[in-house]
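Structure first, commentary second.
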């Protein structure tokens with residue numbers, strides 16, 4: 001496996017492949033950056049040491065994670081760019097897979113085209129932020145590989161990944177385009193919203209998992225549709241214990257029925273609802289606003305009063321002149337706009353009505369002018385940033401509208417959750433998205449006094465600190481906690497070890513509040529590693545410091561699945577079959593009518609056959625075992 005990148009995701013991905021899947025890895029990084037660049041994290045470590053002192057050391061003692069360090073026998077190359085010579089020196093021509101996770105989309109695309117030419121049968125994983133461009137790149141690179149290798153499109157399983165039975169030894173030339181922002185956004189949103197389901201959405205598939213508090217003594221935890229995990233013991237810790245990857249007292253993923261029944265006093269992550277999301281909702285047309293938003297309430301009342309006066313004048317004219325109603329209304333409008341002849345020889349009543357109509361016409365002019373000015377102002381501010389309304393409460397404050405923040409903002413709005421954004425750069429990437437979604441934005445430095453107050457932090461339900469500077473995120477969370485000690489807070493930190501220390505310290509200082517610290521590379525690396533193994537990763541759900549993967553796998557060639565019933569194929573702590581894709585087969589094991597697509601209430605007696613495509617939940621080590629990769633001894 002070859003991994004090329006310029007930030008912490010490349011190092012974390014290399015560690016994932018080597019430590020979990022036992023693969024030989026060649027890591028290509030820029031010169032003099034053998035360790036992940038951490039100028040911001042370094043300053044944040046110093047700040048945390050000054051703020052917390054010995055508490056961090058006491059709480060974090062003995063929590064090392066052996067999987068988070070690079071193995072000494074891993075080959076590391078230094079190169080400024082992934083040129084053809086660099087890729088050839090890294091062994092791309094004989095590698096099984098290549099991951100290009102540079103922060104620049106153009107660099108990844110250029111290197112992918114070169115690598116596909118060097119090795120048409122190479123499995124490619126690209127990190128691209130532009131999703132539309134990523135779909136076209138997937139099709140282009142896969143088509144080039146199929147033509148060069150003499151394969152056909154019929155061998156491909158799905159879009160963006162293979163589900164074949166090669167078990168890691170056959171030809172698997174899929175191209176997978178992923179985005180760390182898309183991969184981590186659902187996890188960050190779910191972490192911020194206590195009581196709201198954790199969501200994994202991929203290719204129209206909606207998986208919802210909810211964290212439930214531990215039951216009372218003597219009660220058995222409700223498994224829901226399916227128990228995905230048992231959380232760490234929380235009898236004396238309301239916020240939960242973040243177990244590390246190899247800790248003995250951490251969360252227990254994919255437990256069996258006996259473990260769930262015996263899990264008194266422990267919270268659980270259960271599958272509460274699993275359904276097909278169907279077609280997306282129609283996008284709201286920009287610039288089309290309801291009539292009520294164009295004019296103020298005072299102006300609408302003024303217009304209503306003038307209309308009522310015109311109607312009254314028309315009725316009076318009908319009574320005085322005994323004229324036809326339509327002709328009377330016409331005469332009244334002519335008098336209103338002062339274009340009728342003076343009623344010199346008309347009866348006194350008609351003359352009085354003409355004078356009143358002229359007076360109403362004079363009153364109508366300023367009202368019409370005010371309506372025009374208000375409408376122009378409304379259309380002008382429709383494309384501008386909105387300010388938080390005065391009575392706003394129960395919302396989420398989102399700090400930072402970069403790549404991650406923009407994806408998180410989109411997710412929050414899809415869940416119909418009120419959001420207020422804070423961004424220091426008026427030209428940030430997510431400003432256009434905020435305008436399109438009509439989300440209130442406070443432009444200013446969050447470290448300056450009064451900025452968080454402008455975002456109504458004292459009435460917010462949660463805070464998501466997702467800027468690219470660790471110290472800014474940490475300072476924002478600490479200040480918000482001084483305003484609201486019970487505020488739910490999630491902060492993005494570059495370094496995973498530092499994220500653990502910050503979480504434990506804040507949890508100790510504020511035991512009644514919920515705090516989560518997340519490393520984007522920690523959340524995104526499992527999905528990238530799974531794609532490099534040649535399987536379609538639908539998404540990932542964080543369970544404390546561990547990750548539960550959702551993957552689509554074809555049963556062919558997997559002895560752990562093929563010919564076994566759903567109950568027999570279940571491996572506690574490793575994998576569990578959740579659903580069966582019947583769209584291609586055209587039959588259903590008695591749960592739903594043919595052609596229904598995904599069947600979630602699979603009976604335990606259903607026998608998995610060759611050609612079945614199943615959706616399963618798996619741990620990282622369980623997925624590695626299921627893929628059947630050879631365990632290579634280190635050189």
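Residue numbers (our numbering): 1 to 635. Note that beta-carbon positions come from the ideal geometry of N, C-alpha and C, so glycine has one too.
When secondary structure is reduced to three states using DSSP, residue 5 falls in the coil class, being assigned neither helix nor strand. By the Cβ neighbour-count rule, residue 147 is exposed, with fewer than 16 other Cβ atoms within 10 Å of its own. In its chain, beyond the 5 residues on either side, 310 have a beta carbon closer than 8 Å to the beta carbon of residue 333. Nearest neighbour of residue 460 by Cα position, chosen from 442, 419 and 444, turns out to be 419. Inside the segment 492-547, DSSP marks whole alpha helix (DSSP H) runs of 4 or more residues at positions 496-509 and 520-532, from first to last along the chain. Going by DSSP, residue 600 is part of no beta strand (DSSP E) at all; its letter is neither H nor E. Between the alpha carbons of residue 262 and residue 255 lies a distance of about 11 Å. Counting of Cβ neighbours within 10 angstroms places residue 575 among the buried residues, the total reaching 16 or more.
In this structure, residue 131 and residue 179 form a Cβ contact; the two beta carbons are roughly 7 Å apart against a cut-off of 8 Å.
Per DSSP, residue 565 lies in no beta strand (DSSP E) and is assigned neither H nor E.
Separation of residue 434 and residue 440 (C-alpha to C-alpha, rounded to the nearest whole angstrom) is 7 Å. Around residue 510, the same chain offers 481 and 485 as residues with beta carbons nearer than 7 Å, after the five sequence neighbours per side are excluded. The three-state secondary structure of residue 454, taken from DSSP, is helix. Take residue 353, set aside five residues on each side of it, and the residues of its chain with a beta-carbon closer than 7 Å to its own are 313, 316, 317 and 320, in chain order.
By the Cβ rule, the segment 456-472 counts as touching the segment 387-397, because three or more pairs are nearer than 8 Å.
When Cβ pairs closer than 8 Å are counted between the two stretches, the segment 486-494 is seen not to touch the segment 438-455, the count staying below three. For residue 517, the closest C-alpha among the options 626, 365 and 191 is that of 191. With fewer than 16 other CB atoms across the displayed protein chains lying within 10 angstroms of its CB, residue 605 is exposed. If you compare the alpha carbons of 78, 127, 91 and 542 with that of residue 251, the shortest gap goes to 542.
Straight through space, the alpha carbons of residue 118 and residue 413 are spaced by roughly 43 Å. Here residue 268 carries a strand assignment [DSSP, helix/strand/coil]. In this model, residue 567 and residue 612 are separated by some 16 Å (Cα to Cα). DSSP lists 124 as the beta-bridge partner residues of residue 175. For the alpha helix (DSSP H) assignment, the uninterrupted runs of no fewer than 4 residues enclosed by the segment 317-343 are, from N- to C-terminal side, 325-336. In the DSSP assignment, residue 579 forms a beta bridge with 615. Taken atom to atom, the span from the alpha-carbon of residue 305 to that of residue 416 is near 38 Å. Restricting attention to 326, 32 and 10, the CA atom closest to the CA of residue 25 is found in 10. Minimum Cα-Cα distance from residue 188 among the listed residues 407, 8 and 128 corresponds to 407. Excluding sequence positions up to five before and after residue 95, its CB lies within less than 6 Å of the CB of 2, all in the same chain and listed in chain order.
The Cβ atoms of residue 270 and residue 528 do not sit closer than 8 Å to each other. Going by beta carbons, residue 129 and residue 624 fall outside the 8 Å limit. Across the set 6, 454 and 500, the C-alpha of 500 shows the shortest separation from the C-alpha of residue 519. Annotation for residue 464: no alpha helix (DSSP H) segment contains it, though the beta strand (DSSP E) segment containing it runs 462-465. The C-alpha of residue 577 is placed about 47 Å away from the C-alpha of residue 447. In the DSSP assignment, the residues bridged to residue 423 are 443.
One Cα belongs to residue 144, the other to residue 136, and the distance between them is close to 12 Å.
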